[in-house]
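**Student:** I have a structure here, written as structure tokens, and I will follow up with some questions on it.
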Amino acid sequence: MRSNRVGWLLLAPTILILAVFGIVPFLYVLYVAFHQWNPFGANPNMIYNGADNFRRLVFDAEFLTSVWFTLKFAFFAVASEVALGYLLAQLFMKDSPGKGFFRTIHTLPLIVAPIVVGSVWRLMTTPSIGIIPYLLNDWFGYDLNIGRDATSAFVITVIMDIWHWTPLVTLTLLAALVSLPKEPFEQAQIDGANRWQIFWHVTLPMIRPAILATVFIRLMDALRTVDEVWMLTGGGPGAATRYVGLHIWKLVFPKTDYGYGSAISVIVLYLTLVMCWLLYVGLVARRDRKRPS
Amino acid sequence: MFRRSGTIVAALAAGLLATAAPAMADFWSDAGAKYQGVTLHGVTESTPPSNYIKDVLAPAFEKATGIKVEIETTSWDQMYDKAIKDMEAKTGIYDMVYIEQDIIYAYLARDFLVDITKSLKDDPSLKAPDFDESRFTTFANYFKNADGDLFGIPMEAFIKLYLYRTDLFNDPAIKEAFKKETGKDLAPAKTHEDYTQIAEFFTKWGKDNGKEIWGSTAQAHTGHPASWYEFFESVAPTFGVYNWGIDASKNYAASVAEGGSMNSDKAKTALKWWLHLRDIAPPESAASTWTEVGTTFAAGRAAQGFVYGENAAWIASDAEKSKVVGNVGVALPPVEPGVMEEAEAGKGYIGYYDGGAFGLPVTSKNKEAALLFLQYIGQDSVQGDWAVAAPRITNTATYDDPKVIEMDKTLGGYYTMLKDQGKLFAGAPPYPFHAQVREATAPIFYRILTGEVGPDEGLDQMAAAAEAELKNLGYRK
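Which chain is which? The protein sequence lines are S and Y, in order.
Oh and the first sequence: position 210 is 210 in the UniProt record's numbering, straight run, nothing missing.
Oh and the second sequence: position 24 is 24 in the UniProt record's numbering, straight run, nothing missing.
Written out as structure tokens, the structure is:
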């Protein structure tokens, strides 16, 4: 009884913070989502409109397009970050001169604010002025113009995200790799397994929880990305990089369409939960079920 | 002995009186005494005039009154984000907010701002002797309500100019080449056809001569509202399409079918003209907002273009930032036949008269102290240096300041143009739904820019989207 009380006491600050900054705002967003509310409308008050906002978003081509682009962005960014992060983590496992220095340099993007990352990449990619279009033109005769070419803009936003967040994946996977016991690897080598077999049957299953946690974090981040892309492309050209986070931002802040923006936020949260659940089922639960008891 | 003591006492008293007299007569220190310990917070867009307030006027006010002022300068989007959230949530963080001319109607509709005229009338002790509303230029009218009461102290005002490179336009070889190619003398364009010819000529000339120079600027970002603004506020009016093509008197109609002109033939011609210019403008134009357009011109990459006046001064005079110092000419934008006559008659306008004011939110916790600061920045005495540091004029007397007259020469007569022909330009229409209609139509506009939608079809869609949004907002019945 006493230990329970102490436990709750220790948990209280966390619960309080979670309630104030997480649960209450979420409930408020949910409440607003069932209203029409634009403070600059002829009637600036909240008007209850049932599920109209949710009905509207099902037929909203702009929203559906932004979801599709976001999913593409999240898939390419997160998959590349995990693959690249794993390779770098493996590199850092090996002893080589300057490893410590490179590891420090490599983590620097993590401490840069997203808005600054967007600014720097904007400077680097501005047609005629940026270093990237200059080099691409000089080396390959390719004219990079992210203001006009949708594919280029999309690719650059993915590369920017990879540049910014791969170090996080590397650090997480490096921590996982360092903590692995040596015995299973020695056993596999004695059994004659090659490098691929060791990776697939020993390393991967053992670091799967770390990979999963990293993918969850990165996926959730990628699905709500705003600052960097807003700074780099503003969502353009056209709607090519108007990812759902940016779409919501434009609805809620400049357009002050609070009701509809809230409804989209709720649906995007739901989509994120579903995707994480599917990922969990696909990567963990199914595998656990197959395991002989 | 007593006589000598009396003389000393009298001298001391006289000395004390003499030193005290200026303090008694100084309105600012007396008025500020009541608000010692107060810190005023303001939020504004990071522009040259706002930076001057932050760096020069705020410290000067602090010195004069003892009231501390913290001005936060940030991006345009963030500035609105912060100000609106603060006023909407009634948190009272800000005592001064930047009011761009086009947002004032929305703020007035929401009763966000303090009536400055009335406040000073109600409490005359706050009225500074050097502050007089009648000393502002007519630009201040944009910040008044129907009763003529002022809700914002004008702090920047400028027009979007037609800038051209005098060194190129006066180069004998270039003039000869232009004459040979077009049969015309090279001079700042008065019509759209002339402007296009000049733009095409210089883009070709740059290419033929291996020079990084193009015929025109274009504020044509494919994901930022700057492009939308360039079209609706600077280009469409020169073709006779005013107020974004929305007619408030016809139930806020936007489409031609309903009585608007957003998708009129004139609007479609204007858009095609501008898209062509965008295609022969420097490659960075597709990623250019108002800031980058100024940078492009300052880098010497465009022979002519439409540039916000707030950038004109540093482009023309700051050799550290600009490569075209001494080579900048200003002119009125080219127009279609009949548009100039409409502007002169007050029935239309030829471009954008931009600017902003500092307003006092009703949610401010330091209204009286903020009123003092607002009057401080509105005085004639601080305007001259401010106009030289940042190209803006809000008080009529500033035009006659010797420093401003001198600066006008460097700027190729920009201030004279602002004074004499500013009336031909206009601010945004008095709609309380500014950002809402812009954001409803901008995604389609961006698709026009990328070529996903044709200009004719796109403007039809935009007119329909504008009307749908206005209906949704409850303005269109």
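Built from N, CA and C at the ideal position, the CB exists for glycine as well.
1. Pull the bridge partners of Glu70 of chain Y from the DSSP assignment, please.
2. Counting only the same chain and skipping the five closest in sequence on each side, list residues whose C-beta sits under 8 Å from that of Gln90 of chain S.
3. Does chain S have any CB closer than 8 Å to the CB of Phe433 of chain Y?
4. I want to verify the contact list: residues of chain Y whose CB lies under 7 Å from the CB of Thr233 of chain S, in sequence order.
5. So Glu62 of chain S contacts chain Y; which residues on that side make the cut at Cβ distance below 9 Å?
6. First and last residue of the beta strand (DSSP E) that includes Asp354 of chain Y?
7. Check for me: the beta strand (DSSP E) holding Pro154 of chain Y runs from which residue to which?
8. Taking Cβ positions only, does Ala286 of chain Y come closer than 8 Å to chain S?
9. Which residues in chain S sit within 7 Å of Ala428 of chain Y, going by Cβ to Cβ distance?
10. Hey, quick one: how far does the alpha helix (DSSP H) through Met87 of chain Y stretch, first residue to last?
11. What residue range does the beta strand (DSSP E) around Gln304 of chain Y cover?
12. Is the CB-CB distance between Tyr475 of chain Y and Ala61 of chain S below 8 Å?
13. Ordered along the chain, which non-local residues of its own chain (more than five positions away) have a Cβ less than 7 Å from that of Ile350 of chain Y?
14. Could you check whether the Cβ of Arg135 of chain Y sits closer than 8 Å to any Cβ belonging to chain S?
15. Going by DSSP, name the residue or residues bridged to Phe136 of chain Y.
16. Assign Trp139 of chain S to one of two classes, buried (16 or more other C-beta atoms within 10 Å of its C-beta) or exposed (fewer than that).
17. In this structure, what does DSSP give as the bridge partners for Leu113 of chain Y?
18. Can you tell me which of Y:Asn145, Y:Glu452, Y:Gln304 and Y:Ala33 puts its alpha carbon nearest to the alpha carbon of Ile213 of chain Y?
19. How would you label residue 321 of chain S, buried or exposed, when you count the other beta carbons within 10 angstroms and need 16 or more for buried?
20. Tell me which residues share the same chain as Asp115 of chain Y and place their Cβ nearer than 7 Å to its Cβ, disregarding the 5 neighbours each side in the sequence.
21. Give every residue of the same chain whose Cβ lies closer than 6 Å to the Cβ of Ser152 of chain S, excluding the five residues on either side of it in the sequence, and list them in chain order.
22. Which residues mark the beginning and the end of the beta strand (DSSP E) in which Ile280 of chain Y is found?
23. Nearest chain S C-beta to Arg447 of chain Y closer than 8 Å, yes or no?
24. The ligand ZN heavy atoms versus the CB of Ala33 of chain Y: any closer than 7 Å?
25. Measuring only the C-alpha atoms, how far is Ala33 of chain S from Leu223 of chain S?
26. Assess, as a yes-or-no matter, whether the region 361–370 of chain Y is touched by the region 390–398 of chain Y under the definition of 3 or more beta carbon pairs within less than 8 Å.
27. Apply the 10 Å Cβ neighbour rule to Pro133 of chain S and answer buried if 16 or more other Cβ atoms are within range, or exposed otherwise.
28. For the beta strand (DSSP E) that Met96 of chain Y lies in, which residues bound it at each end?
29. Are any of the Cβ atoms in chain B nearer than 8 Å to that of Thr450 of chain Y?
30. Please report the straight-line C-alpha distance between Leu123 of chain S and Met160 of chain S, rounded to a whole angstrom.
31. In three-state terms, what does DSSP make of Leu139 of chain S?
32. Would you please state the rounded distance, in angstroms, between the beta carbons of Val38 of chain Y and Val97 of chain Y? I believe it to be under 8 Å.
33. For the region 153–178 of chain Y, which residues have a beta carbon sitting closer than 7 Å to at least one beta carbon of chain S?
34. Is the Cβ-Cβ distance between Gly66 of chain Y and Gly32 of chain Y less than 8 Å?
35. Decide yes or no for the touch test of the region 433–449 of chain Y against the region 399–406 of chain Y: beta carbon pairs closer than 8 Å, at least 3 of them.
36. By the 10 Å Cβ neighbour count, where 16 or more other Cβ atoms means buried, how is Ala14 of chain Y classified, buried or exposed?
**Tutor:** Reading off the structure:
1. Numbered from 1 along the second sequence, position 70 holds the residue referred to as residue 70 of chain Y. In DSSP, Glu70 of chain Y forms a bridge with Y:His41.
2. Along the first sequence, one-based indexing puts residue 90 of chain S at 90. Leu177.
3. Within the second sequence, numbered from 1, the residue matching residue 433 of chain Y stands at position 433. Cβ-Cβ to chain S under 8 Å: yes for Phe433 of chain Y.
4. Indexing the first sequence from 1 puts residue 233 of chain S at position 233. Near Thr233 of chain S (Cβ distances below 7 Å), the residues of chain Y are Gly223.
5. In the first sequence, residue 62 of chain S corresponds to position 62, counting from 1. Chain-ordered, the chain Y residues with CB closer than 9 Å to the CB of Glu62 of chain S read Pro443.
6. For the purposes of this step, residue 354 of chain Y is identified with residue 354 of the second sequence, where counting begins at 1. Per DSSP, Asp354 of chain Y belongs to the beta strand (DSSP E) from Tyr353 to Gly359.
7. Here residue 154 of chain Y refers to the residue found at position 154 of the second sequence. That run of the beta strand (DSSP E) goes Ile153 to Arg165.
8. Taking the second sequence and counting its residues from 1, one reaches residue 286 of chain Y at position 286. Output row for Ala286 of chain Y: interface = yes.
9. Stepping through the second sequence from its first residue, residue 428 of chain Y is reached at position 428. What Ala428 of chain Y touches in chain S: nothing, since even the nearest Cβ is about 14 Å away.
10. Here residue 87 of chain Y is taken as the residue at index 87 of the second sequence, counted from 1. Where Met87 of chain Y is concerned, the enclosing alpha helix (DSSP H) stretches over Trp76 to Ala89.
11. Residue mapping note: residue 304 of chain Y aligns to position 304 of the second sequence, counting from 1. Counting along the chain, Gln304 of chain Y sits inside the beta strand (DSSP E) bounded by residues Gln304 to Tyr308.
12. As a working note, residue 475 of chain Y is residue 475 in the second sequence. As a working note, residue 61 of chain S is residue 61 in the first sequence. Not a contact, by the Cβ cut-off of 8 Å.
13. Residue numbering aside, residue 350 of chain Y sits at position 350 when the second sequence is read from its first letter. Cβ-Cβ distances below 7 Å link Ile350 of chain Y to Pro237, Thr238, Leu332, Pro333, Val335, Val339, Met340, Ala343, Leu424 and Phe425 in the same chain, with the five nearest sequence neighbours on each side left out; the list follows chain order.
14. The residue given as residue 135 of chain Y occupies position 135 in the second sequence. When Cβ-Cβ separations below 8 Å define contact, Arg135 of chain Y makes no contact with chain S.
15. Along the second sequence, one-based indexing puts residue 136 of chain Y at 136. Paired residues: Y:Asn395.
16. As a first step, residue 139 of chain S is located in the first sequence; it is residue number 139 there, counting from the start. Trp139 of chain S is exposed by the Cβ-count criterion.
17. Position 113 of the second sequence holds residue 113 of chain Y. DSSP lists Y:Pro361 as partners of Leu113 of chain Y.
18. On the second sequence, residue 213 of chain Y is found 213 positions in, with the first residue counted as 1. Among Y:Asn145, Y:Glu452, Y:Gln304 and Y:Ala33, the Cα nearest to that of Ile213 of chain Y belongs to Y:Gln304.
19. Not covered by the structure: residue 321 of chain S. The range shown for chain S is 1 to 293.
20. Numbered from its first residue, the second sequence carries residue 115 of chain Y at position 115. The answer, listed in chain order, is Asp149 and Phe151.
21. By 1-based counting over the first sequence, the position of residue 152 of chain S is 152. Excluding positions up to five away in sequence, the list reads Leu144 and Ile146.
22. Against the second sequence, residue 280 of chain Y aligns to sequence position 280. First-last for Ile280 of chain Y: undefined, no H or E at that position.
23. On the second sequence, residue 447 of chain Y is found 447 positions in, with the first residue counted as 1. Put simply, the CB of Arg447 of chain Y is near chain S, with a gap under 8 Å to one of its CB atoms.
24. The ligand ZN is not part of the structure shown, which contains no ligands of any sort.
25. The residue you call residue 33 of chain S lines up with position 33 of the first sequence. The residue you call residue 223 of chain S lines up with position 223 of the first sequence. So the alpha carbons of these two residues sit roughly 20 Å apart.
26. Result no; under three Cβ-Cβ pairs closer than 8 Å.
27. Walking along the first sequence from the start, residue 133 of chain S turns up at place 133. That one is buried.
28. What you label residue 96 of chain Y is simply residue 96 of the second sequence in a count that begins at 1. Per DSSP, Met96 of chain Y belongs to the beta strand (DSSP E) from Met96 to Glu100.
29. Protein chains S and Y are contained in the structure displayed, whereas chain B is not.
30. Position 123 of the first sequence holds residue 123 of chain S. Position 160 of the first sequence holds residue 160 of chain S. C-alpha separation (whole angstroms): 12 Å.
31. By one-based count along the first sequence, residue 139 of chain S stands at place 139. Reading the sequence as shown, one finds Trp at residue 139 of chain S and not Leu. Three-state DSSP puts Trp139 of chain S in a helix.
32. The residue labelled residue 38 of chain Y in the question sits at position 38 within the second sequence. The residue labelled residue 97 of chain Y in the question sits at position 97 within the second sequence. The C-beta separation of Val38 of chain Y from Val97 of chain Y comes to about 17 Å, leaving the pair out of contact by the 8 Å criterion.
33. Listed in sequence order: no entries.
34. Taking the first residue of the second sequence as 1, we reach residue 66 of chain Y at position 66. Taking the first residue of the second sequence as 1, we reach residue 32 of chain Y at position 32. Yes, the pair counts as a contact, with Cβ atoms nearer than the cut-off.
35. These segments do not touch.
36. The residue labelled residue 14 of chain Y in the question sits at position 14 within the second sequence. Its pLDDT being 49, under 50, Ala14 of chain Y is placed unreliably in this model, and the coordinates cannot settle the point.
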